[in-house]
Amino acid sequence: AQSVAQPEDQVNVAEGNPLTVKCTYSVSGNPYLFWYVQYPNRGLQFLLKYITGDNLVKGSYGFEAEFNKSQTSFHLKKPSALVSDSALYFCAVRALNSGNTPLVFGKGTRLSVIA
Amino acid sequence: DGGITQSPKYLFRKEGQNVTLSCEQNLNHDAMYWYRQDPGQGLRLIYYSQIVNDFQKGDIAEGYSVSREKKESFPLTVTSAQKNPTAFYLCARTPLPGPGDYGYTFGSGTRLTVV
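In order, the protein sequence lines correspond to chains A and B.
Going by the working numbering, the first sequence opens with residue 1, and the numbers climb by one from there.
Going by the working numbering, the second sequence opens with residue 1001, and the numbers climb by one from there.
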């Protein structure tokens, strides 16, 4: 069975500081990993994905994520946070080559960037 | 709208009523999904469909029904059997998986409230 854990319900960071939003996963075989962002009363927007290749994945709005197979983690990072980054962030996973089986989402982490 | 439209944006239901949420996509994608979002619980899968006239139950299908008579449409009916229907409902679409796809594209959601 596939699962995703986002251990922090809330992350607070000062504007200009680096941010990290944590995600660990469990899947049979190789993972297909995603990060999405959600603003209030909106759908989720794609940020970045990992399939294969470089462990450091770069995405939209200056975000990046580091895939660590040994720790089964896919943490989201940004070198310098902006107030506009404040939102709800979701990590998602499914097994690679599993067809169109649904993504499994974490419970989300609310990021608050303070000016 | 990213090629996927949900309507209405807000919906109010009286106790004992069935209501239907609309989800339409115009990109000829095969797979469509319905998720329910509650605070602190992330996204939970209700139903999904990979081809016309076929759909599968997700983790919380009880009290919901769907149809997939056309490729572009995947409506969700919240029946009177769903005892706690107040939530934010998200529809998503995706093409067949491959290295070029970006996972799901989500609609902007429907907020359902029981009055």
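All residues carry an ideal CB built from backbone N, CA and C; glycine is no exception.
Since we're looking at a predicted model, the values are computed, not measured.
Contact check for G59 (chain A) against L44 (chain A) fails: the beta carbons are separated by 7 Å or more. For C91 (chain A), the beta-bridge partners assigned by DSSP are A:W35. If you draw a straight line from the Cα of V4 (chain A) to the Cα of D85 (chain A), it comes to about 22 Å. With a beta-carbon spacing of about 17 Å, N17 (chain A) and A87 (chain A) fall beyond the 8 Å limit used to define contacts. A14 (chain A) and G1063 (chain B) have their C-alpha atoms spaced approximately 43 Å apart. Contact annotation: in the region 1032–1052 of chain B, residues whose CB is within less than 7 Å of a CB in chain A are Y1033, G1040, Q1041, G1042, L1043, L1045, Y1048 and Q1050. Taking C-beta atoms under 8 Å as the contact rule, G1042 (chain B) and F105 (chain A) qualify, at a distance of about 5 Å.
In the three-state reduction of the DSSP assignment, S60 (chain A) falls in the helix class, which pools H, G and I. The Cβ of R42 (chain A) sits closer than 7 Å to at least one Cβ of chain B.
Counting only residues of its own chain and dropping the five nearest sequence neighbours on each side, T1113 (chain B) has a CB closer than 6 Å to the CB of F1012 and T1086.
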